[in-house]
Each structure stands twice: as structure tokens, then as C-alpha cells.
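For the sequence shown, the positions run 12 to 326 when the numbering used here is used. For each residue, glycine too, the CB sits at the ideal point set by N, CA and C.
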Amino acid sequence: MKPRVLITGAGGRAGRALAVQLKSRDIPFLGADVRELPAGAGFTAVRVPPATDPEMVPVLRRLVAREGINLVIPTARAELTHLSAARAGFGRDVRVIIGDPGPVALANDKLFTAWQLRSAGVPVPRFGVPGDFADADDAMAALDGPVVVKPRVFRGSDSVIFIDGSRHVDWAALPDGQVLQEYIPGTEYLSMVFGTPAHNGTAPFVIVTERTASAGGNPVTAPGSVRRAEAGEAMDVGNLGMAAVRSLGLTGPVELTVRRRDDGTPVVLDVNARFGASSESAPELLDAVLASFNLPSFNPASFRQGSGAFAYAVV
């Protein structure tokens, strides 16, 4: 029997990438999104309340029961902590592909993520919060160059500010809940990890892609082309992604943004505890989820390593 899948956040880039993969595998699925999707979306999607609405999870639960869904794959960042905490509410026969509540909540806050990674010895950019600095010039001096200001909890790429001293920044007017991060201008990678507990006998795996920013765009957020790393290439990036996932305690699909310093050292900029927009470049992630559907119970430790040539087993 094939799973019947619900993709939450189906209208976003990550949800659409997952929909393409499910269609190519002839896996039946339904989308859910806070927006009404256009008729040309290519799949059916149901409008649901936003994550800020207490009725979001109950609405999804009723949708799952009504449509006979047995596999839920969250892709919207705003929903991750809610769906992780509410996994048991969907019933014993419904698999919700998300990590445990504690690790997911930790990864959802960029400041907490940076603290945890740094304490575990995982390289991250220099960072702080606005209250640590007198003004933008003080922040750039302390963080050794241009800085990126972003919400601790993601609100969209438009809310990311790049500060390089070229224009005045009203420091007192910065919104609450921001984190500052040293700007790393080097090569950017996506490290896509399928995590399992470190003590488990089966190996987790990681796929690395290199991303090239679009010319003339925001140096922090401009999307560009993605190239999958060859076997054996960028192994340090893959190992870094695996170390970060283990230190945060995440399981299942995780997407990390990594950049290199001028000396070549990779550092973790961002962690998302879900399938990302580039998951089409790492089909092994979805393969692992679909393989888990036939297991007796939802157990992240039972996920198996993909056999693709680019699936690194990092131990």
C-alpha cells in the first residue's frame, strides 16, 4: 500500500519541491497552505489557518482524518514547533515527519541555535543581539566587518537586513527579537542531512549542494542556481552539517546553510528542521521517508541510509 501524504506549506518553495518529487513517484498527496493556491499549481491544496491560530492543528487533524492521510510532511517553518509538539494528536497510524519538540524548538530560534552549536564546538559566524552593541558601527567593529540582522524566528527573507556602513541604520528602531551575525561572503552550500541518533547502528547521511547567488541581488538572500556536489567533494561541509544536526538532537530531514570563510573554513549560518526548497537535488531524503512508511512504528532511528553515489555516511 502506498502512503497518502499531506504536505503542509504546500505553496512555498519547499512544499512545491516536495510536490514535484511525490508526483514523479506517483505517490498520492494533498497540499495544505494558509493561502489559496492558483489553479495552475498542479495539485490540490486546502486552505488552513496560519500557525498563529490555535485552530491550525485541530483543522489539520480533521483534514487528515477526513482524507485518509497517513503521512504528514511539514515544510512551513512557522508550523514546525506546533506540529512537532502535536504529533501524538494525529493518531497512532499517522506518521508526522518532524523531529522531537525540544530539538525543533531549539533549531527554530537562531540565537538559541547559535549558542548550542558554539558550545558544542561547531563553527558558526560571530553573533550577538542588538543590545550587545551601541550602534551599527559598534556591531561591525565587534563582529569584524559587515553584519546581517535577521529575526531570531524566521519571518521571510524580506526581513533580513545587510549592514555594511553604506547607509545609516537607526539602531534604536530595530524590531525586537533580532540576532546579528557576522557576514560570511564565501561560497555557500546547502547541507541536507537525514539525521538519526548518534548511538544508532544505522548510518545517517548527508547530501551537499553548492549554491551560486544571483547577480545583483541581496548578498544575503538572493536565490541562485544549485549544483549537487560530486562524490567526495565538500566533505568538510557534509561533516559540519552532520555535527550540527547531532549537537541539536534533530532527526529526519534537516537543511543547513553553510558558507566558507576566506581561509576555507565552513561555518553554519542557518538550520531548518524540515525539507528545504532544494530537496529535489537530494531525492534520497524523500526515499528515506517513504521507506519509513512500512516500518512498524514511526522511529527516526530506523531510517536507512540512501545508496546513492553522493550519500555520505558520516560517523
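In the three-state DSSP reduction, residue 202 falls in the strand class (E or B). Taking the CA atoms as reference points, residue 257 sits about 31 Å from residue 13.
Excluding the 5 residues flanking it on each side, residue 290 has same chain C-beta neighbours closer than 8 Å at 25, 28, 29, 32, 203, 264, 266, 296, 297, in chain order.
For the pair residue 279 and residue 126, the Cα-to-Cα distance works out to about 12 Å.
Under the three-state reduction of DSSP, residue 61 is assigned to coil, being neither helix nor strand. Setting aside the 5 residues that flank it on each side, residue 89 is surrounded in the same chain by 62, each with a C-beta closer than 6 Å to its C-beta; the list follows chain order.
In chain order, 75, 80, 81, 83 place their CB closer than 7 Å to the CB of residue 105, counting only its own chain and leaving out the 5 sequence neighbours on each side. Fewer than three pairs of CB atoms, one per stretch, sit closer than 8 Å, so the segment 129 to 138 makes no contact with the segment 89 to 100.
Here residue 283 carries a strand assignment [DSSP, helix/strand/coil]. When C-alpha distances from residue 284 are compared across 68, 52, 118, the shortest belongs to 118.
Selection 71, 18, 120 evaluated against residue 162 yields 120 as nearest (Cα-Cα). If you draw a straight line from the Cα of residue 245 to the Cα of residue 164, it is about 29 Å long. In the three-state DSSP reduction, residue 222 falls in the strand class (E or B).
Its Cα nearest to that of residue 150, the residue 194 stands out among 252, 194, 249. Non-local beta-carbon contacts of residue 122 in its own chain, meaning distances under 7 Å to residues more than five positions away in sequence, involve 140, 163, 190 in chain order. According to DSSP, residue pairing for residue 268 in a beta bridge involves 201, 281.
Residue 13 carries a coil assignment under DSSP once its states are collapsed to helix, strand and coil. The three-state reading of DSSP puts residue 162 in strand, counting E and B together. Here the alpha carbon of residue 173 sits roughly 14 Å from the alpha carbon of residue 146. In terms of CA proximity to residue 222, 197 leads the group 142, 216, 197. DSSP lists 158 as the beta-bridge partner residues of residue 193.
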